[in-house]
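Protein sequences appear in the order of chains R and P.
Quick note on my numbering: the first sequence kicks off at 1 and runs consecutively.
Quick note on my numbering: the second sequence kicks off at 1001 and runs consecutively.
Below you'll find the structure, written out as structure tokens, and then a few comments.
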Amino acid sequence: MHLLKDDSAADRLSNPALAERVRAQEFSAELAPSMDHLDQLEAQSIYIFREAFARLKKIALLWSLGKDSNVMIWLARKAFFGRMPFPALHVDTGKKFPEMYRFRDHYGKEWDLDLRVEPCPPIDAVDPTLPPAARSAARKTEGLKWALAKYGFDGLIAGIRRDEEATRAKERVFSPRGLEGNWDVRDQPPEFWDHFNASPPQGAHLRIHPILHWTEADIWAYTKRENIPIIPLYLSQNGKRYRSLGDQDITNPVASTASSIDEILIELEQTKVPERAGRALDHETEDAFERLRVAGYL
Amino acid sequence: MNMIVTTASPATPNGTTSMPNGTTRPQVRIVIVGHVDHGKSTLVGRLLHETGSLPEGKLEMLKAVSARRGMPFEWSFLLDALQTERDQGITIDTTQIRFRTNSRDIVLIDAPGHAEFLRNMITGASQADGAVLIIDALEGVRDQTRRHGYLLHLLGVKQVAIVVNKMDRVDFSAERFKDISDEISAHLSGLGVTPTAVIPISARDGDGVAARTDRISWYKGPTVVEALDQLEPARPLEALALRLPVQAIYKFDDRRIVAGRIESGSLIAGDEIVIMPAGKIAKIRTVESWPATPVAGRQGAGRSVGITLDRELFIERGDIIAHAGSAPRETRRLRARIFWLHDKPLAKGDQLLVRCGPKESRATVVAIEKAVDPGELSSTENKAIGRNHVGEIDISLSNPIAVDPYTENPRTGRLVIEVSGRIAGGGLVLSVDAGQRAVPVDIVPVESALRPDERSARYHHNGAVVWLTGLPASGKSTLAKALERRLFTNGGSPILLDGDTLRAGLNSDLGFSATDRSENIRRLAEVATHLARNGHIAIVAAVSPAREDRATARRIADTAFREIHVATPAEVCEERDPKGHYKKARSGALTSFTGIGDDYEKPEAAELVIDTSTRTVAEAADEIEQMLKTTGVLFDEVVDLAANI
């Protein structure tokens, strides 16, 4: 732990007397261990979780079983000292990989989650003008709406990240949704200094994004550091691995030899292939993903 | 499918990038601001390209999209990822993009220049460690340039690099560059901001972005990439006084954990702390964590922590934990410099909700001064602060809050303002009202002139809190009055505190929600304890249905507490119903009534249990008297008053 004299907290203060006092303290007081990048991300996410729990009445965490939502559950357990005090909601398309269902059933118990599994409507019930993969993904949006209506949640915690996809980069941490679950990107309220807009209109809900500021590499580095279990599909087998896990029929593996988290981190350092490259729905048309998000997709 | 190449480069196990020399790369968050169309998005696109940060195929894809639409390719298309943006040709929101310079990981927050979207610029800039303010060489400094410069100052962004763009449009004129450089430097220095660099560039052609080209050979300063490479990440304010705003109190198990994020300073188990604004003192017993707990060692600013205290105090969300001797001030009145984003101008007399960290309070605007449009060079309005304008306001708060002036603590010296549940503005606390002195941190309670033994010698008893709990109409008040009379007759000093009676005055602001009931009980317990410490026997008659609340009362009164469960059967109580409450509740006319539901939680370890349906009032009073004797409240020898006459 070191603090350089010419870059001290004292220099950022405009009150000279106080700055002097601070400067004196900097060289005498015992200092806390400094926080690394992951510590900072973790502290911020915990802050967001606690704000959501304090300010909303009925929240749930959307558990997609993937690496991001597993990190979220871990962070929630840190925020609340061991057990997540609200339900984990799995909106189930019924088309996930068998490894994912095994993972859900095992860790749902081991982590003592209040697990709610909610089905999605049949494909026929979904907007037929969407391209096939997007239409398939839109089932999940419908399933989500059903679950919202059933439980009356006023906040849903979702594991999206700004670095995943351009439209997600536009998101707020507390993101209001309309009565139909839709997202109005043009009328987002201001959000600054970790003050969040937490008063959705009656009948509407908020999306809360505790890991919005994380990157794919952060997720893996943290998963390794905290020893968070993962679904083995993320690791290379026969020269391929999944970077992102969705439904079986609309998710493809990428070519990769990374068979450990360390190797994944090295791979991410090198690659310029986007994380969602294996997600069919991102590539159908320029705006398919955005249309989904405006309608309430994650 | 694209091939991912794996090579043997250093792994990044801890999330920061390992450098060959073993150090880690600082991450710096940058915002690019300036007037609309001065070239922010173009600069961002160019920066991504120059630093080799574009995803494979992205440039080609966008060029193909442009061709399909019959438009020439623009660098700014890279950012205009949303359909709505492309339709309008303006950037409407904050996006976050990452790239690397030699020694920094840069998180680039693009912020829109269009005045309509100032709230998005603020959202972006508030997260930044440093800023790039971009100016069109042809147009020069414009209103939005000044407005953004001012907001950077208000948002506390001190590292600002100026970029004079579109130098190709002014034939790379050194004179034109100097004119603009002088004008903006003078403007910013007036706000206390010194630019870290002023750089001439052509974002479209690349001059000055990553390389000093021949066309700007007269310029000797850093390129944009070099300037970004010198920015420093904001450091947590560990050297300042401890500020731990309380987000919540958790009781998930037998621990009572006070949770929050350390905004400044540091703490460690054993520290003596003060809880503001109440000013109560306690010691930190443990720092809790998960999976391993408790954690040893000092916890510094930036950490989200949970602590337990050595005593059970009433703490609530929004309180600030500080070290005794350096606590924040408590105030109901403060002055702030704010920016305003709401459609309706902010005027004197307006009612608001003010948030300082997790604390919120209703507030009224008492006065408005220095309202200006920061985009204009000189203009003042004094009546109201218009949308996207700034000003200084005096506000009066309905609840006292603990707050620091911004100059003493940048984290706890700022506030946001909400209107109708939506953030409408924010700003810096300039001062707390001088008329309201800060609460002295070292509260020294004034001690009584009398010693406890002087009082007990007169009253022949020690002070106590006799707490009668039970269903409505179980006989609590009747017993309380009988006990009061008997103690008084014996020369003692009993004082009756009836729950309903106190609700008429001291607790008239409280309703019957769980929170209000808890607060009602807490106040009864505090008053009763004060009386007991001064030698009186406080007799409390209150339904007090929640076990938790009675436990709070016992903690407050401590060894003086004597709990009596008036355990008259429910059907007897309902039959008595002297106030007609049961009847009303049965008919639905009285909600939140304890008695007909199962919401009364019986005491498990009361000092005494009395069923009034099986004995007379006098018999019950005898039992209480006996209990008070055996538990050391009443002195054993009954004094014959007549003998002393």
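Even for Gly, the Cβ is constructed at its ideal location relative to N, Cα and C.
The structure displayed is predicted, hence computed values, not measured ones.
The region 1267-1324 of chain P contains, as complete beta strand (DSSP E) runs of 3+ residues, the segments 1272-1276, 1280-1288, 1304-1309 and 1320-1323 (chain order).
Secondary structure at S45/R: helix, using DSSP grouped into helix, strand and coil. Distance check between A1282/P and each of R1256/P, I1273/P, S1477/P and E1288/P places I1273/P closest, using alpha-carbon atoms only. In chain order, P189, P190, E191, F192, H195, F196 and N197 make up the part of chain R whose C-beta sits under 9 Å from the C-beta of I1423/P. Residue nearest to S1398/P within the set E1376/P, R1303/P and R1362/P is R1362/P (criterion: CA-CA distance). Counting along the chain, G1499/P sits inside no beta strand (DSSP E); it lies in the alpha helix (DSSP H) bounded by residues G1499 to R1503. In chain order, L1608 and I1610 place their CB closer than 7 Å to the CB of E1623/P, counting only its own chain and leaving out the 5 sequence neighbours on each side. In the DSSP annotation of this structure, the continuous segment of the beta strand (DSSP E) that includes I1030/P starts and ends at Q1027 to G1034. Judged by DSSP secondary structure, C120/R falls outside any alpha helix (DSSP H); it is assigned neither H nor E. What Q1299/P touches in chain R, judged by beta-carbon distance under 7 Å, is A32, going in chain order.
The beta carbon of D1343/P sits closer than 8 Å to those of R1387, all from its chain and outside the five residues before and after it, given in chain order.
Per DSSP, the unbroken beta strand (DSSP E) holding Y1250/P starts and ends at L1244 to Y1250. Taken in chain order, the complete alpha helix (DSSP H) segments of 4 or more residues contained in the region 98-162 of chain R are 98-110 and 132-151. P85/R has a beta carbon lying within less than 8 Å of a beta carbon in chain P. No Cβ of chain P is located within less than 8 Å of the beta carbon of I160/R. Interface annotation for the region 1303-1329 of chain P against chain R: R1303, S1304, G1306 and R1317, criterion Cβ-Cβ distance under 7 Å. Taking 8 Å as the CB threshold, W1340/P stays off the interface with chain R. Assignment of I1262/P by DSSP, reduced to helix, strand and coil, places it in the coil class. The continuous alpha helix (DSSP H) containing E1625/P extends over residues V1617 to T1630. Put simply, of S1304/P, E1418/P and H1035/P the residue whose alpha carbon is nearest the alpha carbon of A198/R is E1418/P. Under the DSSP definition of a beta bridge, R1098/P partners with V1107/P.
Look at G1425/P here: in three-state DSSP terms it is strand.
Under the three-pair Cβ rule at 8 Å, the region 1132-1152 of chain P counts as touching the region 1025-1045 of chain P. In the structure shown, R1355/P adopts extended strand secondary structure according to DSSP, grouped into three states. Under the Cβ criterion of 8 Å, E51/R is counted among the residues facing chain P. In the three-state DSSP reduction, S1126/P falls in the coil class, being neither helix nor strand. Judged by their CB atoms, L1152/P and A1131/P are nearer to each other than the 8 Å cut-off.
Membership of T1529/P in any beta strand (DSSP E) is not indicated; the residue belongs instead to the alpha helix (DSSP H) covering A1514 to R1533. Per DSSP, the beta bridge partners of A1197/P are A1161/P. For Y107/R, the closest C-alpha among the options I266/R, L268/R, R50/R and I73/R is that of I73/R.
The continuous beta strand (DSSP E) containing G1391/P extends over residues V1390 to V1403. Of all residues in the region 1280-1298 of chain P, only E1288, S1289, W1290, P1291, T1293, G1297 and R1298 place a beta-carbon less than 9 Å from a beta-carbon of chain R. Assignment of beta-bridge partners to D92/R by DSSP yields P119/R. Contact with chain P is absent for A134/R, since none of that chain's Cβ atoms lies less than 8 Å from the residue's Cβ. The CB of R1098/P comes closer than 8 Å to the CB of D163 and T215 in chain R, given here in chain order.
Residues of the region 1244-1278 of chain P whose Cβ lies closer than 7 Å to any Cβ of chain R, in chain order: Q1247, A1248, Y1250, F1252, I1257, A1259, R1261 and S1266.
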